[in-house]
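Participant:
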Amino acid sequence: MNLAFDLLVGLSLVWVAWRIVGSRDHFQAVVLFITFGLILSLAWTRLQSPDIAIAEAAVGAGLAGVLFMDALGGLSSSPGSPRPAVPLTLLFPCLILASIMAIAVLFVPEDFLGLIPVVHGALTDTSLEYPVTAVLLDFRAYDTWLELGVLLVAVLGVMGIRRIGSISGSRLPAPADPVGRWIIRILLPIMVLIGGYLLWLGAFAPGGAFQGGVVLAAAGVMLWQAGHPSLGLLPRLWWIVLLFCGFLSFLILAFWSLFHSGRMLAHPENKLWILGVEYAATISIATCLISLVLASPGRCRVRDN
Amino acid sequence: MPELLVLIPFTAALLCFILKGVLRSLAALLGASLTFSASALLAADVYQNGAIRISLGGWDAPLGIGLSADGLSVIFLLLTAIVGLMVSIYCVPFFSGLHEQPLARHFWSLWMFLWGSLNSLFLVSDVFNAYVVLELVSISAAALAALSGTAASLRAALRYFLTAMAGSMAFLLGVGFIYAQAGTLDMFLVGSSGGDGPLMAMALGLMTVGLIMKSALFPFHFWLPPAHGEAKAPVSAILSALVMKGSFFLLLRIWFNVFQDSSLTVHAASVLGFLGLFAVIWGSYQAIIQSRLKLIIAYSSIGQMGYLFLLFPLVLTTVDAAWKIEAWTACVFQAVSHGLAKASLFLAAGNLIQASGTDNLRSMRNIAGSLPMTTFTLALAGISLMGLPPSGGFVAKWMLLQSILASGQWWLAAAPILGGLLTAGYIFKILSQAFVPGAEGACCKPVCFVMEKAALVLAIFSILIGFRAEEVIFLLTDRICAANPGGFWP
Amino acid sequence: MNSLLIYSITATSLFTIGLMGLAAHPNLIRKIISLNIMAGGVFLFLISLAYHPDDPGVDPVPQAMVLTGIVVTISATAFALCLARRITEITGSSRLEDKPEDTDS
Amino acid sequence: MNLNFWLPILMLSSSLFTGLIIFFLKEEKVGLRTVLNLTGAVFKVVAVHYMAYRLLVLDQIHHVSFSMGLGFDFALRVDFLSLMFLALSSNLWLVTTLYAVGYLEGSPNRSRFFGFFSLCVTACTGIAMAGNLITFFIFYEFLTLATYPLVVHRQTREALEAGRIYLWYTILGGTLVFVGVVWLQVLAGPLDFIDTGALQSLGTESHFSLCTIFLILIMGLGVKAALVPLHGWLPVAMVAPAPVSALLHAVAVVKAGAFGIVRVVFDVFGRDFAGSLGLLGPLAAAASITIIFGSIRALSQTDLKKRLAYSTVSQVSYITLGAAVIAPFSTVGAIVHLVHQGIMKVTLFFCAGNFAETLGVHNIHQLKGVARRMPLTALLFTLAAFGMIGVPPMAGFVSKWYLGLGSVDAGSSWILGVLVASSLLNSAYFLPIIHAMWFEKPVQQWKTLRQGLLEAPWMLLVPPVFTAGAALFAGLVAAWQWSPLGLARQIATGMGIYP
Amino acid sequence: MIWIAAVFFPLVLAAVCMLPGACLRAGFRMIFLAPLPALLLAFTTQGTAEFELTFFLLESRLGFGPHGKTFLLITSLSWLFASLFTALGPRGSLGKRSFCVMFLLTMCGNLGLVLSRDAVSFYTFFALMTFCAYSLIVHSKKDSAYTAGRIYLIMAVLGEGMLMAGIITSVFLSPSHYFDQISPALGSLSPGHPVFIFLFAGFGVKAGLIFLHFWLPLAHPAAPTPASAVLSAAMIKAGILGWMNFFPLGLVPFASWASVLMTLGLGGAFFGAMAGLGEREPKIILAYSSISQMGLMVFCLGLGFLDQNLWIMAGPVLFLLVFNHALSKTALFLGIEVMYSVSVSRGKKTWTAMLMAVPALALAGAPFTGGSQAKYLLKEVLGAAALSGFFSWVISISSGLTALLMIHFIRQAASAKKHYPCYAGRNMTWICLVVIILILPWIFYELYPRNRIQWMDPLLFTSSLWPVLAGLAAYVILRHKVYPATREIFGVLPGSAEIIDRTWHHLKHRLKTRGVMESLSARMNLVRFSDNFVQSKMVQKISHELERWFRSWSVSVFLFILMIITIALMAWTGA
């Protein structure tokens, strides 16, 4: 039974991807891309990695979709671009590449266990139970830190391109129909609640900093869609603190652990430190994502700082 | 303490974003000098008592991420430190000018982030970590390139960013394949576990092409000239002197640490060799027929990068270990002296553009009279690029030709010879302008004293390293940490 | 044909389709979309490696890698989109090389 | 403070530091610049003579070497041959500096000019004192760089064009020498000029590569020594001011090439080994072709300096010819011609410079009856011209004499034919000038551009008198032990060639 | 010390003349002092003295060769009279600095030439003399002088070139560059060796040999009188001296060379005399008479070549001939000048004509003169060489012809319409020169006591008298027809001088306009080739197209995939 389901998911993924590439209309491509994101999160659940499913759904489908839709709005609405010119000469090498990679995949050893035993062995001496969060925040904390750095740089980059110091003041016109406003007024508290719960759950069950942050970001963006300045309300300094708190927490941890125990990014015994870092990461992920969505449409700038 | 090299720039980046005006420049300069001294200390430490391997967060290799500072990475770190410090000193007056003021905040934070990510790239010893750092480098570099705000620069930055992302995706897939085969992510563990299966071959293919895309080797060089040509002078100096070297360093790590013992790399090396040869000739030729100064220098970067890729066929085919060291030293010297010379060339070009207002070569008429210091810098940097005797470039060309002749692959000799001639072609195309009597009316705005001195110091450095070859050879031979004790030289 | 095979083959094909998409459309948005597809493909490949139906469960390290990858990809996409919008605002066309670049001397 | 180590370095640094200091001198500080220049030059001349005394009398070997870490070391060694070239370049530097100071009175960019001028001389000193082929190459390239700004000093369009052509040739030559040196090092390891026999020890299978290396090296050096197909830059570079074409294109640069060929043939390969490889025949042929070609081309030049340039092209190949003939006399002839040609050619260029500077005369037709207006310069020109033709009392005859003897000794008397033909051709293009100067009536009214005590400013007259006197002296008292010929004989005996 | 003074004293005087104003005038007046030290040297030191000059020019050595003493006497005497003549004459054109200096330099070259005993210094002085003589020839700055000078220079330089080749080969073949070692070394060579050809031709140009004489008839009229006097008296003899120094005379018999010399000598003698008849200008006549006399000397030298001991007899004869010709030719040239200066009064003119006849007769070999003695001794040598039959007859005819030529010369000189100012001093020197010619046989006795002849011997008297009478008779008969007849017969040879001149001009013209190898060197310009290629529009267009082709996405993605495949496969095959 599982086999049929896997086949179905795999084929639909490939089919949607092919349709995205093949479609002439940009809007259609974006919509298809959102469905592609949802199917992908379906695949993640099938492969028993729930937190990735949540992240994919919220980011891959949600935020990316918003960004693309917003970008499409800004573009000169050229009705239909000419038939996508996939040059035939390109088709043939792509086929070869795909087949070579497929053959290579066959050689993956059957009893491939990867790092599972090592992680489980080391789980005992970290204060986190759930392996994924442990890997993320403890074993490979350096990766997470750099990844927060990437997020931060993306925000700085967008600021640089828009030549703005902060995102305060960007507002969208309020949606006309009352239904939209009412849905947002109900959904917002629920999403914030779920975000918090996911964050708290992360320590011992699938969830954690990323998922919480992403859900909170979705809430913020929804608020912004409703015409509310959401994060734009914050004064510039507060906004910066929220933006930097994740990256800064890791930095402080690094400095402290370097000078205290000589081993950078080694978490101290009591659990509080890791949770603190986790919460800060969530907040900064949410803020960064919201700022990315808010900052990119440059046209209705009210004033520059 | 290699970790400091990563921490200090990041803290400086945050500070620069928050602070304003003079405070910001102070923070930036402080950050730059601290990083410089940290990398100098690290270099001394490695020179004295060998390569350093640390595992972050206390978790050892298969699980946690490690940092490794050996001879090779220390040399590149020093290069980044020197160029970084000089560029920072150059940028303080550059960005305090009226025109550039709004960009200062973004420039300094992005530049510090880039410096920190470059330092971490040179210390990398985990494959996935390499991907994340590579991504961080690409985004900050693209953001810096897009700072000048003109349509052309934005376009160039986006083209650069898209190619970088495609490259990173291929790299990540390669990481996946390695993980599928070796089950671990640490470079040295993968290297020691060996494995010549199709998975590793696929991984090698993907990762190499990903990194070639990012270091602008011949077929994938199209994004570089507009990106470096349109960016601001200090930014293009950083891009072509350091960022290109970053992805090349990673390629070295992969080919000589991850695939250290595997026989996969023998045949593939000649492909890289030929591409390098074409890059040298194509880049230098293109540089001759350009008429805009920064484009000439940008295309010359493509040409000079070609020399580095000659390393692969030379090291992997010769049998005699002595000539391998020769080839290694040649490649490292070429990277370092090119980095220094290219940075000083771009900074000098920046001075010229600021003085004469236009980037066109004809605007450089009779600069010998008005900007003698800049002409002298251009001359010194040119000498180092051309590989004329007193310079580091000469040492590189000398050892390169020697190892080529010793390795018997005489067709590669075309690169240093023909390349050298073509390089002389465009260098003297620039220098001869200095002697052309300029139009009387050409107004020449005064260029800040500090900016000229920064470019000059870099040029002098690129000449001086020519004399200190022993230390570099020592670093490359005895201070290399390799997957298994057999070390670099199988 | 266990699930590892199915998913990794779909992953590689997604990667290839993404590459084709990159070359297919001159429009910038479409290129960024195809880049995301490539990313999706790569992550699928990573997770397909980590999946073991029964015994010790899913390997957390690839999951962590994919999570980090997703956040990196979204930030890169956001940055690229902002660049694309800025270009369209300035030059009015959402393509990269329709008019001869001014790089020609 | 053992002088053996410090003296060569002192030699090099004396002109290097004067050059660097002058670079950063303000344009107006004429007095200081001239004083600096002259003290540097005088110091160097004194140092050369002291070193000569130590070398010839006290038999001290001056050797300096420090390793560059690349498998070879930067070695400076002063032996008889280098002493000869050193003496030539340092004395002529002093003379030409004096001339240049007078010549460039009131012209722009003089700091830059004298800066690069001293750098060129440093390069020449380095070439002379190079202990191995690699150090020689380093200074060889340095010379190219230092001479380019001098060629384009006037910054006119043709000067720049000439500079470009000059660069094109010399960089090509430099690259060729580079390849040759590296290949030789790969084949035979680091070679000093002392151990000449090292190459014989290589097996016969490497003979082919040795021949190609020799060919590459000679072509590389031939660019600067103006062998026929590669001489294109010399006449074009005549657009440079007179002191530049005097010291550089007639003496320093061209001699560097010839000196290099002599070093390669005698010290690197060893003349007998090169002969056994059959390399010297074609070299002699190439040199003879250059001699004849240069002279014929000189015949058809109407511009005085161009004619002198082509005559330099042919005269320098005497040295190559001498080096290529396996006979003790021709070796001595080649080495002594190194100095004689330098002295005579410098005088010719000084006089040409004087004519151009004081009367604005460039063309040969304008030279008619110039002896009335400038008798001293005309006399000096005549003396040097007779030297070039090889008329006995002058130095030129001595070297032609020895070259002739050597060629007959080696049994290839066709070379004697070449020498005689070239003397005839020389007289064919020099005698009409002398005739026009002394015996023709002036065609136009002389407009004096520069006033001076005698016919021209004294600074322009003293140097040619000095060099012409030296040429006459070198010819008249050739038999003296310390005369150029005496030195050349000692060099040859040192090399074990001359009986 | 006397040696150095002899050779270099004229240099000192030349230096004095170089100085401005008063020194020049004083120098000019003292010009006659220059040859005195050489004359003193000729008289005082004994025949085989040597003097080492180790420093000078590759260890040169001065000294008298086997016959150096007489040669020195001859040269210094003729230089003495010429310089006396100039010193006492008007300061006008001859007083200029260029003439004085060059005159003294040529004198130094000539004296040094005679005294030098090694090839290098010989060649040095030879070159010095040749090139300074050029300036004497073109002194008058007339066009004819320039053409004469140019031809002289061309032939002199060609001669020098051949001489250099000859000297270098001969010096190489001998152990050292001293003459007393060169001639024996050359003796051991085969006669056909090129060194002989070079030396022969080299010195032949200077000695005015038959087919190398073109410059002589042009140079003499162009040069001022004292210069042409010395030119024909002393300088031409350098050729003879050169042959004597180099060729192994008296050591090895060279039959082939002997015949060549003898035929050329005789040819020269006859041609000189005949061609002279066709000229009007007295100086040209004298030039041709020099050619004929030189021909006679070459004939005598040729005799010397026949056999070693023959040279012992022929040597003194040659020197007597040289001595006699030198003095009489000087007297004749200076006589022209005196003739022109006294043409005012009829009486005086006849007196000078009478006096002029003395050297003329001496040349012709009239009885009681040096000439007759020389010719008589020559016949003796012929007798000894068993060739007396035909050749002695030929000798007599040549003396007759010379007599005819001399009479023609005196007639032309007397009838010339030139009026020069008369200077008593000059005339006096000329007269004592004529007296010396008269007492020449007795001087000769002191030099060569062995070949004393009896004056009163009737055979000697008749044999020397009839040719002179025959010449006189021939002149009286052919007086009217003499000039046109010989003109067109021998007009052809002087024409050949124009040939050289025209070829030289044609060559220069062709070189100037098209320039030899202009196209060749233009084509070989490497830089222009590279410019055409690098900057050519077509290549740039291609490269821009290629660049844009790389920039397009489809191509880059295609290459991207292609590269992944190739590297993966290459790696896979490698494993």
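Chains A, B, C, D and E, in that order, are what the protein sequence lines are.
Here the first sequence stands for residues 226 to 530, where the numbers follow the working numbering.
Here the second sequence stands for residues 2 to 491, where the numbers follow the working numbering.
Here the third sequence stands for residues 51 to 155, where the numbers follow the working numbering.
Here the fourth sequence stands for residues 4 to 502, where the numbers follow the working numbering.
Here the fifth sequence stands for residues 59 to 633, where the numbers follow the working numbering.
We put the beta carbon where it would ideally sit given N, CA and C, even for glycine.
Express the C-alpha separation of residue 386 of chain A and residue 140 of chain C in angstroms, rounding to a whole number.
Facilitator: One C-alpha to the other measures close to 12 Å.
Participant: Please classify residue 281 of chain A: is it buried, with 16 or more other beta-carbons within 10 angstroms of its beta-carbon, or exposed?
Facilitator: It counts as buried.
Participant: Using the beta-carbon of each residue, which ones in chain A are nearer than 7 Å to residue 136 of chain B?
Facilitator: Neighbours of residue 136 of chain B on chain A, chain order: 375.
Participant: The alpha helix (DSSP H) with residue 484 of chain E in it runs from where to where?
Facilitator: Taken as a continuous stretch (DSSP letters only), the alpha helix (DSSP H) holding residue 484 of chain E covers 482-496.
Participant: When the Cα atoms are used, what is the spatial distance from residue 482 of chain E to residue 398 of chain E?
Facilitator: Spanning the two alpha carbons is a distance of roughly 13 Å.
Participant: By the three-class DSSP mapping on this structure, what secondary structure does residue 295 of chain A have?
Facilitator: It is helical.
Participant: Which residues of chain A have a Cβ atom closer than 7 Å to the Cβ of residue 257 of chain B, listed in chain order?
Facilitator: The premise fails here: residue 257 of chain B is roughly 23 Å from chain A at the closest Cβ pair, so nothing lies under 7 Å.
Participant: Are the CB atoms of residue 387 of chain E and residue 348 of chain E nearer to each other than 8 Å?
Facilitator: For residue 387 of chain E and residue 348 of chain E, yes; Cβs fall inside 8 Å.
Participant: Going along chain D in order, which residues have a C-beta closer than 7 Å to the C-beta of residue 181 of chain E?
Facilitator: 395, listed in chain order.
Participant: Is residue 72 of chain B closer than 8 Å to residue 65 of chain B when the C-beta atoms are compared?
Facilitator: No. Outside cutoff.
Participant: Beta carbon of residue 506 of chain A, beta carbon of residue 288 of chain A: below 8 Å?
Facilitator: Taking 8 Å as the Cβ cut-off, residue 506 of chain A and residue 288 of chain A do not qualify as a contacting pair.
Participant: Quick one, are the C-beta atoms of residue 242 of chain D and residue 326 of chain D less than 8 Å apart?
Facilitator: Contact: no.
Participant: Since residue 134 of chain E and residue 169 of chain E should fall inside the 8 Å C-beta cutoff, what is the C-beta to C-beta distance between them, to a whole number of angstroms?
Facilitator: That belief holds up - the Cβ atoms of residue 134 of chain E and residue 169 of chain E are roughly 7 Å apart, short of 8 Å.
Participant: DSSP three-state label for residue 389 of chain B, please.
Facilitator: The answer is coil: DSSP assigns residue 389 of chain B none of H, G, I, E or B.
Participant: In chain order, what residues of the segment 95-128 of chain B put their CB closer than 9 Å to some CB of chain A?
Facilitator: Going along the segment 95-128 of chain B in chain order, one finds 103, 104, 106, 107, 108, 110, 111, 114, 115, 117, 118, 121 and 127 with a Cβ nearer than 9 Å to chain A.
Participant: Taking the C-alpha atoms as reference points, what is the distance between residue 457 of chain B and residue 169 of chain D?
Facilitator: Spanning the two alpha carbons is a distance of roughly 27 Å.
Participant: Compile a chain-ordered list of the residues in the segment 145-170 of chain B whose CB is closer than 7 Å to at least one CB of chain C.
Facilitator: Listed in sequence order: 147, 152, 153, 155, 156, 158, 159, 160, 162, 163, 166, 167 and 170.
Participant: Assign residue 229 of chain D to one of two classes, buried (16 or more other C-beta atoms within 10 Å of its C-beta) or exposed (fewer than that).
Facilitator: Counting Cβ neighbours within 10 Å, residue 229 of chain D comes out buried, since at least 16 surround it.
Participant: Buried or exposed: which applies to residue 619 of chain E, given that a residue is buried once 16 or more other Cβ atoms fall within 10 Å of its Cβ?
Facilitator: Classification of residue 619 of chain E: buried, given that the 10 Å Cβ count is 16 or more.
Participant: Hey, which unbroken runs of the alpha helix (DSSP H) at 4 residues or more fall wholly within the segment 362-447 of chain E?
Facilitator: The segment 362-447 of chain E contains these whole alpha helix (DSSP H) runs: 366-399, 404-422 and 428-442.
Participant: Of all Cβ atoms in chain E, is any one closer than 8 Å to the Cβ of residue 270 of chain D?
Facilitator: No, its Cβ sits nowhere closer than 8 Å to a Cβ of chain E.
Participant: Helix, strand or coil for residue 108 of chain E, going by three-state DSSP, please let me know.
Facilitator: Strand.
Participant: For residue 38 of chain D, count neighbouring Cβ atoms within 10 angstroms of its own Cβ and tell me buried if that reaches 16, exposed if not.
Facilitator: So residue 38 of chain D counts as exposed.
Participant: Return the bridge partner residues of residue 236 of chain E from the DSSP annotation.
Facilitator: Bridge partners of residue 236 of chain E: E/176.
Participant: At 7 Å on the CB atoms, spell out the chain E contacts of residue 209 of chain B, in chain order.
Facilitator: By Cβ distance, chain E contributes 625.
Participant: Determine whether the Cβ of residue 442 of chain D lies closer than 8 Å to any Cβ atom of chain E.
Facilitator: It does; some Cβ of chain E falls within 8 Å.
Participant: To the nearest whole angstrom, what separates the beta carbons of residue 72 of chain C and residue 84 of chain C, a pair I think is in contact under 8 Å?
Facilitator: With 8 Å as the limit, residue 72 of chain C and residue 84 of chain C qualify as a contact, their Cβ atoms being about 5 Å apart.
Participant: Pick helix, strand or coil for residue 77 of chain D, following the three-state DSSP scheme.
Facilitator: Residue 77 of chain D falls in the strand class under three-state DSSP.
Participant: I'd like to check one pair, residue 102 of chain D with residue 246 of chain D: are the Cβ atoms closer than 8 Å?
Facilitator: Yes. Within cutoff.
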